[in-house]
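Here is the structure we will look at.
There are 2 protein chains.
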Amino acid sequence: MLSKKTKYGLKALTFLAAQKGRTPVQISEIAKHENISQKFLESILLTLRKTGLLGSKKGKGGGYYLIKEPKDIPMTTVMRVLEGPIAMVPCVSLNFYEKCEDCPDEASCSVHKLMLQVRDSTLEVFRNNTLADLVP
Amino acid sequence: MLSKKTKYGLKALTFLAAQKGRTPVQISEIAKHENISQKFLESILLTLRKTGLLGSKKGKGGGYYLIKEPKDIPMTTVMRVLEGPIAMVPCVSLNFYEKCEDCPDEASCSVHKLMLQVRDSTLEVFRNNTLADLVP
DNA sequence: TTATTACCCTATCGATTTAATAGAGTAAGC
DNA sequence: GCTTACTCTATTAAATCGATAGGGTAATAA
Chain A
0 MLSKKTKYGL KALTFLAAQK GRTPVQISEI AKHENISQKF LESILLTLRK
50 TGLLGSKKGK GGGYYLIKEP KDIPMTTVMR VLEGPIAMVP CVSLNFYEKC
100 EDCPDEASCS VHKLMLQVRD STLEVFRNNT LADLVP
Chain U
0 MLSKKTKYGL KALTFLAAQK GRTPVQISEI AKHENISQKF LESILLTLRK
50 TGLLGSKKGK GGGYYLIKEP KDIPMTTVMR VLEGPIAMVP CVSLNFYEKC
100 EDCPDEASCS VHKLMLQVRD STLEVFRNNT LADLVP
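Top line first, the protein sequences correspond to chains A and U. Residue numbering for the first sequence follows numbering that gives the first Met the number 0, starting at 0 and increasing by one per position. Residue numbering for the second sequence follows numbering that gives the first Met the number 0, starting at 0 and increasing by one per position.
Okay, structure coming up:
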């Protein structure tokens, strides 16, 4: 299940990508336009800024803006920042690998085998999509 | 994230599929072999039986067994029973569709557009795998 | 310099889900 | 008729999620 955090983050990023210039957009404007709790959105934009996807400007006329061009922001990056691991189990994760404490042998584990395929196919989708592809 | 319930369920089904005959296997044997809490496994096998994937036999020499051949059990069925919706958001789910209460227009929703692709690629994996494919 | 604006941070909260456990009940077989 | 093993209900602790509240701080315009 996709978390609201990711859902809202994607919507906010898409909204920023759809702006004409790269002038700062206020949180309140994004929240209103996308039907998102403003306070919740604040924390999401904050993490996006800390990860280097967004820049912010304080004071009058301030707000958030994209640092890079939408076409240079792959969905793999966005999803990992917002949702975390792309894999459904840690033992097939590229960036968040962890061994299962049960399961003595990964190579012969049926769950491992299946989830590896799911991870690969999902990854391909995210690799083939940039933020630019999400803008209507 | 894959739930333990699904993980254990898949392992149990694979274990049953790997049996030579279709004679009942005790819960305790499955639990021991796959490192699963027996009581937790009980409830999982129960739902699998209620869904028609497994049969059970009581009394001495009883246990659980597969009703159909492993090659006739597609992963789509198993995953929907154990994990629920395959889609990451209800608005792109085939079997569990629900409209988003935010989001005025699905067609122009960036999240919808992306998650539709993910659902399709994941679905393809599950459609191409039966229980027989998971047996080592 | 001063007032305003808007970002930034911490803490809290209720609701929900998850994973596991306990204990009693019931049906089948020897 | 007694054992075995499945069946069901209830409870629990822990974790996570989504949201809210409230104040602090820095940058900008005037």
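Where is the CB? At the ideal position from N, CA and C, for every residue including glycine.
Task: Per-residue contacts from Val124/A into chain U (C-beta, under 8 Å) - done: Annotation: Cβ neighbours of Val124/A in chain U (cutoff 8 Å, chain order): Leu113, Gln116, Val117 and Ser120.
Task: CB contact check: Thr129/A to chain U, cutoff 8 Å - done: Not a single C-beta of chain U is nearer than 8 Å to the C-beta of Thr129/A.
TODO: Compare the C-beta of Asn94/A against all C-beta atoms of chain U and say whether one is closer than 8 Å.
DONE: So no, Asn94/A is outside the interface.
Task: Leu47/A versus Leu53/A: straight-line alpha-carbon distance, rounded - done: For the pair Leu47/A and Leu53/A, the Cα-to-Cα distance works out to about 6 Å.
Open item on the list: Any C-beta of chain U within less than 7 Å: which residues of the stretch 73-86 of chain A qualify?
Closed with: Taking 7 Å as the Cβ-Cβ cut-off against chain U, the residues of the stretch 73-86 of chain A that qualify are Met74.
- [ ] Take Leu93/U as the anchor and find which of Cys108/U, Met114/U and Pro103/U has the nearest alpha-carbon.
- [x] Checking every option, the nearest Cα to that of Leu93/U belongs to Met114/U.
Task: Cut-off 6 Å between Cβ atoms - residues of its own chain near Pro73/A, not counting five sequence neighbours on either side - done: Cβ neighbours of Pro73/A within its own chain (closer than 6 Å, five residues either side excluded): Thr129.
- [ ] Answer with yes or no whether the minimum CB distance from Pro135/U to chain A is below 8 Å.
- [x] Flagged as an interface residue toward chain A: Pro135/U, by a C-beta distance shorter than 8 Å.
TODO: Count the C-beta pairs between the stretch 49-67 of chain A and the stretch 18-28 of chain A that are closer than 8 Å, then say yes if the count reaches three, no if not.
DONE: Cβ pair count under 8 Å is three or more, so yes.
- [ ] Just grab the DSSP bridge partners of Pro73/U for me.
- [x] Residue pairing by DSSP puts Pro73/U in a beta bridge opposite Thr129/U.
Task: C-beta atoms of Glu97/U and Pro89/U nearer than 8 Å - done: Going by C-beta atoms, Glu97/U is nearer than 8 Å to Pro89/U.
Task: Closest residue to Ala106/A among Val134/U, Leu40/U, Tyr7/U and Met0/U (Cα-Cα distance) - done: With distances taken between Cα atoms, Ala106/A lies closest to Val134/U.
Task: Gly8/U versus Lys49/A: straight-line alpha-carbon distance, rounded - done: Each residue's Cα considered, the two are about 39 Å apart.
Open item on the list: Quick check: what's the CA-CA separation for Arg118/A versus Glu82/U?
Closed with: Straight-line Cα distance between these residues: approximately 16 Å.
- [ ] Keeping to the same chain, check which residues put their C-beta closer than 8 Å to that of Met138/U; ignore five residues upstream and five downstream.
- [x] This structure cannot speak to residue 138/U, because chain U is shown only from 0 to 135.
- [ ] Starting from the beta carbon of Lys10/U, find every residue of chain A whose beta carbon is closer than 9 Å, and list them in chain order.
- [x] Here the neighbours are Asp101, Cys102, Cys108, Ser109 and Val110.
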